[in-house]
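Oh and the sequence shown: position 76 is 76 in full-length UniProt numbering, straight run, nothing missing. The beta-carbon is built from N, C-alpha and C at its ideal position, and this holds for glycine as well.
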Amino acid sequence: MAGKPKLYYVNGRGKMESIRWLLAAAGVEFEEEFIETKEDLEKLRSDGVLLFQQVPMVEIDGMKMVQTRAILSYIAAKHNLYGKDLNERTLIDMYVEGTMDLMGLMGLPLMLQTPEGKAKQIALIVERATTRYFPVYEKILKDHGQNFLVGNQFSWADVHLLEAILMTEELKSDVLSKFTLLQAFKTRISNIPTIKKFLQPGSQRKPPPDDEFVAKIKKIFNI
Numbered sequence: 001m002a003g004k005p006k007l008y009y010v011n012g013r014g015k016m017e018s019i020r021w022l023l024a025a026a027g028v029e030f031e032e033e034f035i036e037t038k039e040d041l042e043k044l045r046s047d048g049v050l051l052f053q054q055v056p057m058v059e060i061d062g063m064k065m066v067q068t069r070a071i072l073s074y075i076a077a078k079h080n081l082y083g084k085d086l087n088e089r090t091l092i093d094m095y096v097e098g099t100m101d102l103m104g105l106m107g108l109p110l111m112l113q114t115p116e117g118k119a120k121q122i123a124l125i126v127e128r129a130t131t132r133y134f135p136v137y138e139k140i141l142k143d144h145g146q147n148f149l150v151g152n153q154f155s156w157a158d159v160h161l162l163e164a165i166l167m168t169e170e171l172k173s174d175v176l177s178k179f180t181l182l183q184a185f186k187t188r189i190s191n192i193p194t195i196k197k198f199l200q201p202g203s204q205r206k207p208p209p210d211d212e213f214v215a216k217i218k219k220i221f222n223i
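Given below as structure tokens:
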């Protein structure tokens with residue numbers, strides 16, 4: 001039997017967090033090898049295991065897999081979280097790309113800001129979330145009247161949207177106030193047993209980045 005997937009990344013969210021979410025949603029236990037120093041990263045590069053010299057990297061099923069989107073697609077397909085046909089898979093891809101765009105605004109573009117710039121970036125994130133992204137998912141749920149985004153079956157798109165919602169709520173707790181279907185969706189998906197477990201204290205879910213974490217990644221990745 002294959003061993004647990006092994007995740008190589010810093011001890012924080014970043015691009016690896018969505019991978020942690022998806023593995024957890026699929027009920028897959030995983031191990032983590034944390035990159036603590038610039039030398040740790042250089043060793044991975046010199047060992048030749050990073051195809052494009054960058055992390056995240058996941059060791060899974062005998063492969064050393066890089067590129068976040070490729071890793072996520074593989075996990076989703078392997079664990080029946082990628083729809084039942086090409087049409088559903090394309091919808092899942094579109095919905096995931098939307099949440100990726102939103103979450104992208106909450107990564108380095110937010111972490112590296114001055115306090116004044118951070119306030120402006122948060123305002124931008126909330127504006128985009130409430131006028132561009134969340135209305136789309138609210139409409140999808142309203143139009144088909146089902147519990148999940150695609151095919152009335154739990155999928156990668158649902159996992160990714162919940163992650164994006166919770167990240168946005170960390171910036172503005174009432175961001176879903178005008179989206180009643182998304183409020184119900186959040187409650188419903190959060191109570192799926194594998195997700196509920198991941199949301200409990202002590203899981204491998206990472207906290208929001210603090211100043212110490214930002215300083216650390218600047219040093220490791222030479223930012």
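In its own chain, which residues sit with a C-beta less than 6 Å from the C-beta of residue i, not counting the 5 before and 5 after it?
i, result
"H79", "A26"
"V214", "M111"
"F198", "A24 and R205"
"T99", "H160, L161 and A164"
"P5", "F30, V58 and I60"
"R20", "Q204"
Report the rounded CA-to-CA distance for residue i versus residue j, giving the unit in angstroms.
i, j, result
"G62", "L41", "21 Å"
"Q153", "I223", "41 Å"
"E138", "E29", "32 Å"
"D93", "I71", "14 Å"
"K43", "D174", "44 Å"
"L91", "F134", "16 Å"
"R13", "L86", "30 Å"
"E170", "A76", "26 Å"
"P115", "Y82", "39 Å"
"D210", "K38", "19 Å"
"K218", "S18", "21 Å"
"Q53", "K118", "30 Å"
Once the 5 residues before and after residue i are set aside, which same chain residues still bring their CB inside 8 Å of it?
i, result
"I195", "A24, A25, V159, L162 and I189"
"I192", "A25 and F154"
"K142", "L181"
Where does the unbroken alpha helix (DSSP H) through residue i begin, and where does it stop?
i, result
"V66", "Run containing V66: none in the alpha helix (DSSP H); it sits in the beta strand (DSSP E), M63 to V66."
"F198", "P193 to F198"
"P201", "P201 -> no alpha helix (DSSP H), and no H or E assigned at all."
"P135", "F134 to H144"
"V159", "W156 to L171"
"K216", "D211 to I220"
"residue 229", "The question about residue 229 has no answer, for the chain in this structure spans 1 to 223."
"Q113", "First-last for Q113: undefined, no H or E at that position."
"Q54", "Taken as a continuous stretch (DSSP letters only), Q54 belongs to no alpha helix (DSSP H), as it is neither H nor E."
Determine which residues share a DSSP beta bridge with residue i and list them.
i, result
"I60", "M63"
"E127", "Note: E127 sits in no beta bridge, so no partner."
"E17", "DSSP lists no partner for E17."
"E33", "Y8"
Starting from residue i, trace the beta strand (DSSP E) in both directions and tell me its first and last residue.
i, result
"L7", "K6 to Y9"
Among the residues of its own chain, which have a CB less than 7 Å from the CB of residue i, if the five just before and after it don't count?
i, result
"I35", "Y8, Y9, V10, L41, V55 and I220"
"Q183", "L176"
"E88", "V150 and G151"
"L50", "L44, M57 and V66"
"K64", "V49 and M57"
"V136", "G98"
"M16", "L7, Y9 and P56"
- Message: Does the structure place the region 101-118 close enough to the region 140-147 that three or more beta carbon pairs sit under 8 Å?
- Response: no
- Do the region 122-131 and the region 53-69 meet, that is, are 3 or more Cβ pairs less than 8 Å apart? The region 122-131, when compared against the region 53-69, does not touch it at the 8 Å Cβ threshold.
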